[in-house]
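Colleague:
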RNA sequence: AGGCCGGUAGCUCAGCUGGUUAGAGCGCACGCCUGAUAAGCGUGAGGUCGGAAGUUCAAGUCUUCUUCGGCCUACCA
């Protein structure tokens, strides 16, 4: 520090002491200019090869692996993806600085429908339809398209400050990944957990293709609604007369013995009309009792296998007593008894020409559950015995009493609900000796297959060609005709219905069971394994365990096949009798060839390599499967092709961290895949975060116009502000963002920045050689270290528990309350005015240095740009991100000291409250104008313990020690009975021209200031 | 419609197993300083805890209902 001031002479006025002060000095800008500054730091880190340096530096350290969940490579990042990646970065950086090796490898999900559509659209724009583009070319373009977005998103993530292996991320579409995915699938097939079943999907007969939910639109359509009755055959366990029992048993020869016994005990399947039915405490002949259903798709009746009911609906048995007079023959006659929901009987009766009826009895649902029905077409001409099977009653959540009859006709091959209720009632089906396999009742063209009686075989639901393309085919009329013949049609009428249509051809869409590939939840105890692993996994927050647990408990077998183009193929070869190549003796050799082909040529390697090359021997009648895998299977394999393949990562991740929607998504697919192949979860812990919502807590959507884009925020405020927002939010719930929230964070940012800036200035020229030993420090300094120890002691635990919000709010409050408003404020005097080599000033700088190192490193994971800037203001060229968190020695802990400081602080507050009104009256302006009497109670003891003296002069001006006045930032303070504040301006005290303190004595500055100045001159 | 979760000052958050006048920071208002200055300091005003009922001597904290919001399913034969 230099001084160019001249000696003060009597006629040049009072001397200006400003230049003799040791004011903070720094070039560190107060205003951040983040939008411009941040990209330069990214460049700096690139030059330093930060990611690689971190890896070298932490070689041999214990690893901490947060395995990235892959975002979909389509579109720009949004607030949710930004939040996700920042949170990951926060966790990675914190663990790295804890002294671990947190190697982060980002990844992308590249296959799938959305990209397929975009690319289809592109080709269409060029006048090339789906069938004109060779599959290889199409897939190549998909690959290119995905790559484009990977590059863009990579830039966007890096702009947020996320550190990771951006040069070598994992992609589900890399050939190596695709090969591993195929290999994983083959392992599952080898283990026998894979099987081929069937399931209804949306199907367009016109285009002969499967459709995804997003590919259909809903439009009005004229359909025929019908009421159909299902004759009650008997009630399980209660019926009489066994005629055809042997027939049933023999037609189900694959029944287990216990099932046969059960069947026998139930005295089963009888010819219609021979039984008696007990229900509602009464007995009825079953010959004229029926359950009534309503449907708008008559063509599904031949595929009916069950009737669903709901226990929450009231059902009644109604006897027809009078019919309308009509010109055609009715199936129903007086005396017939019908079971219908009470709430719907009126509408059913009206539709069915029933003029009058009487309600015979309640039908409770326990009884209902035991009813077994006849198929309504059982006795139609030409049935060929194909409907001689029992129709069970199944309980279903999807059944309501809003429309129809309160019963739902269930054709598992033609409806999602039907399928679900069918599949989830396996036990009941088994007890009735019913094969639970879903029949393939309809072919690609939408025509009945040979599962049906000859009468129906080949009939089409929808015309697929000609002028009437898209209109009803022959199936509906023929079915209705057959129902009339059996007398089971109660009514028919046209109606308008909103129904699914293909968005391309506008033709109606049907639901149709098709052969699909499944991974069994039970064959190799996959469900049990997964549930056991969930128990072993750590969850943040804990409720995640319950959420994924109930899903896994209830989930059906995993449907993994898709009839699509852009994805990893199901690399199976199926034999003439449906057997898999993995069951053959040469399976290993075939598998090796398949994997090799995919490894070298990607998915095209499968599609383009002829079967003779993959399976050279005995391949007659064998065919390659042309389905592709569900993309969830792809991403469920990331642990296999990323973690387990890379040498620099462990096989199992410490943490998977995604939005709470991934309980059903990636967390589960990864768990299933990994348990199926390796018998364990690929992760040790799961952390979930909520979704970003707007100021009112509503989700962001274009239609609401409440969308905020990370890009805009970066341009306007900078990535560090977004990062601050993440670390100040409770990420386990929904996370709000709004202009106001951003403003709050911008303000917090400024406060932190200035606190750090002040330290940089105060530490100007600081050298270790001026450090003061802990034992020699004033109490105030030791208290700051105590506070640091407090913050540092559970910092690691907070990091390991991902409590970043707690860390941040504690640091922020520390900076604001303890440093800025208390410690810094008190120490300004010593820092600016004490002789340079005074113990007090040196101790302050020693502590400032300790503070600086800890605050910058603790904040570095959050404010990665700003802390680098702060760090380099003192250590140019080095990077704060290569540092680890500093230790806070236990010796710093001093609870007694802290208590005493709190006592003094409380006094300070009381004094301030007293000074405040005097300020308002303009008696006292600066607190240094005040002389105060502080209350003795409790304070004297504290001051004594803190070695704070009560005097208006320092005992040793060249090495001052703290006075009570210093703590209170007044010029004079003594102890007394009551608080009093008096104005020193009204006394004979002089204002020191250098320290602005009022004092008594010779000269224009206090003795302490005189020493400081004299040492400069 | 079902499953899981949440609603504490304008904003972001504390508030453990129910127990004195519900806390913090920011923002806001007013004032001070002008030697952290597009900074710093001080003082103050703001919530009855989404709503209702109940349990209890006592409830933000337990129970039920309700309302709003979020995620995930299911959306109709």
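In the UniProt record's numbering, the protein residues as written are 1 to 1017.
Where is the CB? At the ideal position from N, CA and C, for every residue including glycine.
All of these numbers come straight from a predicted model, not from anything done at the bench.
Determine the extent of the alpha helix (DSSP H) in which residue 166 is found, giving its start and end residues.
Modeller: Segment: none, residue 166 is in no alpha helix (DSSP H) and carries neither H nor E.
Colleague: Whole angstroms are fine: how far does the CA of residue 230 sit from the CA of residue 376?
Modeller: 5 Å
Colleague: Could you give the first and the last residue of the continuous alpha helix (DSSP H) run that contains residue 724?
Modeller: 719 to 727
Colleague: What number of angstroms, rounded off, separates the C-alpha of residue 932 from the C-alpha of residue 30?
Modeller: 36 Å
Colleague: Are residue 940 and residue 897 closer than 9 Å when you measure CB to CB?
Modeller: no
Colleague: Below 6 Å CB to CB, which residues in the same chain sit around residue 68 once its five sequence neighbours on both sides are set aside?
Modeller: 106, 107
Colleague: I'd like the span of the beta strand (DSSP E) that includes residue 670, first residue to last.
Modeller: Taken as a continuous stretch (DSSP letters only), residue 670 belongs to no beta strand (DSSP E), being part of the alpha helix (DSSP H) at 666 to 678.
Colleague: What is the DSSP secondary structure of residue 272, reduced to helix, strand or coil?
Modeller: Low confidence applies to residue 272: its pLDDT is 37, below 50, so where it sits in the model is not reliable, and the reading given next is rough at best. The answer is coil: DSSP assigns residue 272 none of H, G, I, E or B.
Colleague: Can you look up residue 975 in the DSSP assignment and give me helix, strand or coil?
Modeller: Strand at residue 975.
Colleague: Is it right to say residue 740 is buried, meaning 16 or more other beta carbons lie within 10 angstroms of its own, or is it exposed?
Modeller: Flag for residue 740 reads exposed.
Colleague: Please return the same chain residues whose Cβ sits closer than 6 Å to the Cβ of residue 63, not counting the five positions on each side in sequence.
Modeller: Sequence-distant partners of residue 63 (beyond 5 residues in either direction) whose C-beta falls short of 6 Å from its own C-beta, in its chain, are 101, 650.
Colleague: Look at the Cβ atom of residue 201, then the Cβ atom of residue 633, and state whether they are nearer than 9 Å.
Modeller: no
Colleague: If we call anything under 9 Å between Cβ atoms a contact, is residue 639 one with residue 658?
Modeller: no
Colleague: Applying the 10 Å Cβ sphere with the 16-neighbour rule, what's the burial state of residue 1018?
Modeller: Summary: the structure shown does not reach residue 1018, with the chain confined to residues 1 through 1017, and so no result is reported for it.
Colleague: May I ask you to verify whether the region 183 to 194 touches the region 520 to 539, counting CB pairs closer than 8 Å and requiring at least 3?
Modeller: yes
Colleague: In three-state DSSP terms, what is residue 210?
Modeller: Residue state for residue 210 is assigned as strand, using DSSP reduced to three classes.
Colleague: Among residues of its own chain, excluding the 5 on either side of residue 599, which ones have a beta-carbon nearer than 7 Å to its beta-carbon?
Modeller: 175, 176, 179
Colleague: Taking just the CA atoms, how far does residue 459 sit from residue 472?
Modeller: 11 Å
Colleague: Straight-line CA distance for residue 988 to residue 1000?
Modeller: 8 Å
Colleague: Within 10 angstroms of its Cβ, does residue 409 collect 16 or more other Cβ (buried), or is it exposed?
Modeller: buried
Colleague: Tell me the rounded alpha-carbon separation between residue 753 and residue 928.
Modeller: Rounded to whole angstroms, the gap between the alpha carbons of residue 753 and residue 928 is 28 Å.
Colleague: Taking buried to mean at least 16 other C-beta atoms within 10 Å of its own C-beta, is residue 1062 buried or exposed?
Modeller: Shown here, the chain extends from 1 to 1017; a query on residue 1062 therefore has no answer.
Colleague: Are the region 913 to 924 and the region 951 to 958 touching by the rule of at least three beta carbon pairs closer than 8 Å?
Modeller: no
Colleague: In the DSSP output, which residue or residues are listed as bridge partners for residue 101?
Modeller: 63
Colleague: So which of 656, 48, 85 has the shortest CA-CA distance to residue 537?
Modeller: 656
Colleague: For residue 225, write down the residues that DSSP places opposite it in a beta bridge.
Modeller: 493
Colleague: Which of helix, strand or coil does DSSP assign to residue 259?
Modeller: Since pLDDT at residue 259 reaches only 43, below the 50 mark, its modelled position is unreliable, and the value read off the structure follows with that caveat. In this structure, residue 259 counts as helix in the three-state DSSP scheme.
Colleague: CB-CB under 6 Å to residue 1069, same chain, minus the five flanking residues each way: which ones, in chain order?
Modeller: No answer is possible for residue 1069: it lies beyond the span of the chain, which begins at 1 and ends at 1017.
Colleague: Report the three-state DSSP secondary structure of residue 416 (helix, strand or coil).
Modeller: helix
Colleague: Among the candidates 831, 710, 673, 416, whose CA atom is the shortest distance from the CA of residue 20?
Modeller: 831
Colleague: Taking three-plus beta-carbon pairs below 8 Å as touching, is the region 882 to 896 in contact with the region 775 to 791?
Modeller: yes
Colleague: Check residue 437 in the structure and name its three-state DSSP category.
Modeller: coil
Colleague: Should residue 508 and residue 462 be called a contact, given that it needs their Cβ atoms to be closer than 9 Å?
Modeller: Yes; because the gap between Cβ atoms is below 9 Å, this pair is in contact.
Colleague: Is it buried or exposed for residue 109, if we count other Cβ within 10 angstroms and need 16 for buried?
Modeller: Looking at its Cβ environment, which holds 16 or more other Cβ atoms inside 10 Å, residue 109 is buried.
Colleague: Would residue 692 pass as a contact of residue 735 if the rule is Cβ separation under 9 Å?
Modeller: Contact annotation: residue 692 and residue 735 have beta-carbon atoms nearer than 9 Å.
Colleague: Tell me whether the region 301 to 316 and the region 387 to 397 touch, counting them as touching only if at least three CB pairs, one residue from each stretch, are closer than 8 Å.
Modeller: yes
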